[in-house]
Structures are given as C-alpha cells and as structure tokens.
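First residue of the sequence shown? That's 1 in the UniProt record's numbering, and the numbers climb one at a time after it. Ideal Cβ positions, reconstructed from N, Cα and C, are used throughout, including at glycine. Note that the coordinates shown come from a computational prediction; the quantities given were computed from them, not determined experimentally. Below: the structure, in structure tokens.
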Amino acid sequence: MAERFESVNTESKGEQIYAQLAQALVKGQLLPGERLKIRELAAQMGTSVTPVRDAILRLVQHGVLVMLSPRDIRVRRLTLDEYLEIRNIRVELEGMAASQAALRATADEVQRLAEQVQHNEEAVRRGDIAQAIALNQDFHFTLCQLARMPLLSEILYGLWLKMGPLIAQSYSEGGRSMIDHHYPVVEALRRNDPHAARVAIQTDLLSGGQSIYERFGHAEAGR
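Following this line, the structure appears as structure tokens:
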C-alpha cells in the first residue's frame, strides 16, 4: 500500500485516524474493492493497531468499508441501484446548495471557486489525475460551503464517503464532462442567478455521472 497516511499524535488518535481514512475515501485515494491492511496502516500512522481497527469498524458500520473476514477489509463496491439513488439525492441537494450559493456567496468567494476550476483544468492538462480528482471534490464541497448550509454539507459529506472511490475510478473515462459544467456554475454565481446555478450543477452531476453508469454496464456485460 502506498504511503498515503501521516503519523498521528497521541491526543484524539482515533479521531485523527478516522478523519484521514474518511478523507482518503472522499478524495478517491482509495478505490472500490481496494484492501486495507490494519498493521500496514498502523505502521504508516505510527500507532498501534487498536485505534486503526476502531476507525475501520466505524467505516464498516457506515457502509463505506466491508469486512469480508477479520483479515480482509475492503472499500465497498456500490451496486448500480445504490449509485443511482445517491446520484439522484446529490442532484437535488447539490442543486439546492448551488441555488443558495448564488444568493449568498461574495464576489471574492466566487473568484476563489473560479480559481479552483482553473487549477483543476491545469491538473487535467498535465495529466495529474489524482490532483484533478481532489480538486473536483474541493469544488463540490466549496460550493456547499458558499451556500452557508452546514447541515447540508454534513449530509453531502456522508454521500461522498460512499461515492468518492467510484468517482475516482471513473474520472479519466469522464473526460471533459467532469469539468466543463463547472464553468457555468461559476458564471451563474457571478450573476447571482439561483436557477441557472441549480441547473448547471445538476447538469454537471448527470453528465459527469454518465461514465460511472457506463462502467456498471460494462461490468454487467463482462459477467
């Protein structure tokens, strides 16, 4: 397993470990079906196996990881029905967030969002897919923050825990559809147009999600 996790301090060790694992899932640093080795993670984080195991069990309870056996813990693969349900929920909730962001975001905040899109564009151009995936996630989370709706952001974070690995797995296949619709979102926020912002982010989710949908189709054909 690559070095993706940092050493943790003794204070609130369990929470730090959980936060690192959750962030790795959200940002797509862990992929569907990938195996997590508790001792290896503990060594990377400079801790004992107990807090790592506790954090993993929390993620198993959340339905994000699956424990096939005590020694075989993997990132859970979503079914097509689960993916479509999460996508449909995101379409509604992120649409709400975008419309509120259009009414509440300041000019400086919208400019920072635009800069995120530009950094994402640059990452795509140089072929840094890992960075592009992380910046894509940042864009969606920043949009929710601009809506000034912390409870909504919390709900969406839970959905991204489940979706992050699948989005990362399919990002390259999505091509320009993964970023092109971010530009009209920014423009709608600049015009303080809630309807246009809602439509733009919903179009982004549906268009970018097509590659994920097709991945499920290829998997079924392979069977």
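Decide if residue i is buried, meaning its Cβ has at least 16 other Cβ atoms within 10 Å, or exposed.
| i | result |
| --- | --- |
| glycine 28 | buried |
| arginine 39 | exposed |
| serine 99 | buried |
| glutamine 44 | buried |
| alanine 130 | exposed |
Check this for me: beta carbons of residue i and residue j, under 8 Å apart or not?
| i | j | result |
| --- | --- | --- |
| leucine 65 | leucine 36 | yes |
| leucine 166 | isoleucine 89 | no |
| glutamine 23 | glycine 95 | no |
| glycine 174 | serine 211 | yes |
What are the residues that DSSP puts in a beta bridge with residue i?
| i | result |
| --- | --- |
| serine 69 | Asp72 |
| glycine 36 | Per the sequence shown, the amino acid found at residue 36 is leucine instead of glycine. Its beta-bridge partners are Ile73. |
Restricting to Cα atoms, I'd like to know which of the options is closest to residue i.
| i | options | result |
| --- | --- | --- |
| glutamate 122 | Ile179, Asp81, Ser99, Leu78 | Ile179 |
| arginine 198 | Lys162, His140, Arg77 | His140 |
| valine 26 | Leu161, Leu205, Ile86, Leu146 | Leu161 |
| leucine 30 | Val117, Arg4, Asp193, Leu156 | Arg4 |
| arginine 77 | Ala147, Gly33, Gln137, Ser211 | Gly33 |
| serine 207 | Ser177, Leu189, Arg215, Leu93 | Ser177 |
| arginine 191 | Gly217, Ala107, Asp81 | Ala107 |
| valine 60 | Ala97, Tyr18, Leu80, Asn136 | Tyr18 |
| leucine 93 | Glu187, Leu41, Leu143, Phe216 | Leu143 |
Using 8 Å for Cβ pairs, my map puts residue i next to residue j. What's the rounded Cβ distance?
| i | j | result |
| --- | --- | --- |
| valine 110 | leucine 189 | 5 Å |
| glycine 217 | arginine 87 | 15 Å between Cβ atoms; not a contact. |
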